[in-house]
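Residue numbers (the working numbering), protein chains in the order written: chain A, 34 to 397; chain B, 424 to 629.
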Amino acid sequence: MTNGNGHRRSRDYSRQFLWQVAMSIALQRIYSFLVHPDKRKEEQSKIRGTKVDSSTRLIEMLQKIFDSADEECEYEITFDSASDGKQHNPRRDQIIAFMRQPGLNSGRRIALELQAVTTTNSGLGLFFILYGESNGNKKIVLSRFPANSGILADEGEDDLTVEFVEKVFMKSATAYKAAVYRGKSLDGDFWDGRAIDRQTNSEILAISNYWIKHFLLSDFRATSAQGTKRLAAALLVATRNATDAAVKQEIIAAARLSGGLTGKSTSIKDFCRRFHLSPNATETIQKQVRNDAVYTEKFRFNRDEFAKHIVIQSVELKNGAILMASAADFDKVFEQKILNESNNDVQFSTHGQIVDQRLKRKRS
Amino acid sequence: MSNVESEYRARYETVLVPLANRLERHLRDHFDGWTSIDRIVARAKSADRFVAKAAALTDGKMKYREPFDQIQDQIGARIITRFLQHVDPISANIDEYFRKIETQRIEPDSDAEFGYFGRHFVLFLPTDLFDDEIPADRAPKFFELQIKTLYQHAWAEANHDLAYKPQGQLTADQKRKVAFTAAQSWGADRIFDELCTELTVDAKRT
């Protein structure tokens, strides 16, 4: 299959992309630590941890988390390099130290770092480190369950007793966080991984940055500028290649509304979903990207970067008229009236002082 | 032929060379219109050089136990700028559009010495480069990027061919000659950079 740019499009190998060998690895070691919200506290709470026995009932749930982490963790992330530019990241070092020697001590060092960046907003959490290895392939999952309170209802033969329960740790749909790393070489691999953070688009910066930036000392694999430029390029080529006027209009309308995404994490796929683009428009955009990994790769949207690539919106009418304005202002500058919907006949009107007029040698 | 060599040779033809070509096109597209750039090239490390590097020892032990995962310059790219003042804006752009795990300004150890100068990055290969013909799981994760001026590049290339052998094998006079050419390149870069600044300012005034 060839896409709009003449590239041979890949099958859906976005998951396979970063994982080199997306093979199943058995969960072998589980450690759990209670992590307090001790950010900015001079004296850190003592971290209590335990090795979780594989015979407990908990194992079934943790095995599911371990197995599904590759799918569930939807953000491709990479560890940051050191501020002096060297290939060094303290969290990566600790994770690798744990994999070299899995145990309570090496796990506690990671948990301590999580505690030191956990604010009272995030609260008490139960932190799990899940690790397995098979034929030299290693996999590690870090997972944080926020504390909650709840009510325990116990049904007797004729009655019901209810009891308030504190420190219940649940896989919250709104605050769950996890990260997964796979690789073979402890020296060369483990620079990238995948993460999930349900709060990454929180308006509160400290919360949105807590898991990936502050704890994992990482960032999205695609930089903000890189991801935004790709999105803009895909939209630009899609509007050029679309044969259906309605599809063009849909894409242009979505591009104009994109300012609302500023600072938010998104992907080209997310963009299509968020603006409810039709299957035709979505397919037209998807055809412009080289592979599914690019289509699904997350990045933080940057309005200025987007504007560098999509500045001008132009409309050409069958009578030869060409209307041009900045994409953001087009609808304000030109008033549009549909004269006949069946043959797409429209009337545009505008007014203003002439500040410049020119002839162009040819249409670009 | 060792396992490392045969595996690398197979990878070289089918993955590394075509990937380097794609990377070169990608970088050229990315920097399209930058008149400060003289040229952009990308290449796959030759099998002989890879095998030699893979066999390197540190304190009598193998430096790379997993050479395919540890050697990060299996694909290398180079951006050659006209003048020194162009290196910073290009580096800043690379920082913005590529995810890095390392960046270094390479200079001689002592301020009183002349030798190799350049800006080096170790960057993730962009996701855009892969498809069914070159799947990511058969490719390295990183590439090395060097940003150098024309003079830095010219000196490094000539030096590599002539003087790239254990320092003990060069006579004192030869070492001085190598340092002299490095100093000349350094000086030419400085003078051209100053001229570029002066003439650009003059052109703006007129």
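Every residue, glycine too, gets a C-beta built ideally from N, C-alpha and C.
Ranked by Cα distance from Gln607(B), the options Trp578(B), His453(B) and Thr623(B) are led by Trp578(B). For Pro70(A), the closest of Ile285(A), Thr89(A), Ala149(A) and Glu374(A) by C-alpha to C-alpha distance is Ala149(A).
With a cut-off of 8 Å on Cβ pairs, the region 287-300 of chain A is not in contact with the region 509-526 of chain B, counting fewer than three such pairs.
For Asp220(A), a Cβ of chain B is located within less than 8 Å of the residue's own Cβ. Looking at the DSSP output, Val379(A) bridges to Ile371(A). About 18 Å separates the beta carbons of Leu137(A) and Arg177(A), which is beyond the 8 Å limit, so they are not a contact pair. Look at the region 86-149 of chain A and you find these whole runs of beta strand (DSSP E), each 3 residues long or longer: 108-112. Taking a contact as a CB-CB distance under 8 Å, the pair Gly260(A) and Phe332(A) counts as one, their CB atoms being some 2 Å apart. By alpha-carbon distance to Tyr108(A), the top candidate from Asp303(A), Ser382(A) and Ala115(A) is Asp303(A).
Comparing alpha-carbon positions, the option among Ile463(B), Ala605(B), Ala559(B) and Ala433(B) lying closest to His583(B) turns out to be Ala605(B).
For Leu264(A), the enclosing alpha helix (DSSP H) starts and ends at Ser257 to Asn274. When DSSP states are grouped into helix, strand and coil, Leu60(A) belongs to the coil group.
The criterion of a C-beta distance shorter than 8 Å is satisfied by Leu446(B) and Ala465(B). For Phe178(A), the enclosing beta strand (DSSP E) covers residues Asn170 to Glu188. For Ile229(A), the enclosing beta strand (DSSP E) begins and ends at Asp225 to Asp230. DSSP places Val195(A) in no alpha helix (DSSP H) but in the uninterrupted beta strand (DSSP E) bounded by Leu193 to Phe202. Note on Glu199(A): under 16 other CB atoms within 10 angstroms of its CB, so exposed under the neighbour-count rule. For Phe506(B), the nearest beta carbon of chain A is not closer than 8 Å to its own beta carbon. The Cβ neighbour count for Leu480(B), taken over all protein chains shown within 10 Å, is under 16; the residue is labelled exposed. Contact between the region 215-232 of chain A and the region 98-106 of chain A is present, with at least three C-beta pairs closer than 8 Å. Against chain B, the CB of Gln127(A) has no partner CB under 8 Å away; the residue lies outside that interface. Between the alpha carbons of Glu430(B) and Ser167(A) lies a gap of roughly 22 Å. Across the set Phe491(B), Arg462(B) and Glu556(B), the C-alpha of Phe491(B) shows the shortest separation from the C-alpha of Ala470(B).
Shown here, Arg488(B) sits in coil according to DSSP, grouped into three states, outside any helix or strand. Secondary-structure assignment with DSSP links Val213(A) through a beta bridge to Val174(A) and Arg227(A). Here the region 115-134 of chain A makes no contact with the region 255-272 of chain A; the two share fewer than three CB pairs at distances below 8 Å. Under the DSSP definition of a beta bridge, Gly499(B) partners with Arg466(B) and Glu567(B). In the structure shown, Gln575(B) falls within a helical segment according to DSSP collapsed to helix, strand and coil. Annotation for Thr526(B): no alpha helix (DSSP H) segment contains it, though the beta strand (DSSP E) segment containing it runs Lys523 to Ile529. For Tyr164(A), the beta-bridge partners assigned by DSSP are Arg62(A) and Ile173(A). Just so you know, the alpha carbons of Gly499(B) and Asn444(B) end up roughly 11 Å apart. Proximity of Arg254(A) to chain B, defined by a Cβ-Cβ separation below 8 Å, is satisfied.
Rounded to whole angstroms, Arg505(B) and Asp461(B) show a C-alpha spacing of 6 Å.
For the region 545-564 of chain B, the set of residues with a beta-carbon nearer than 8 Å to any beta-carbon of chain A comprises Val545, Phe547, Pro549, Thr550, Asp551, Leu552, Phe553, Asp554, Asp555, Glu556, Pro558, Ala559, Asp560 and Lys564, in chain order.
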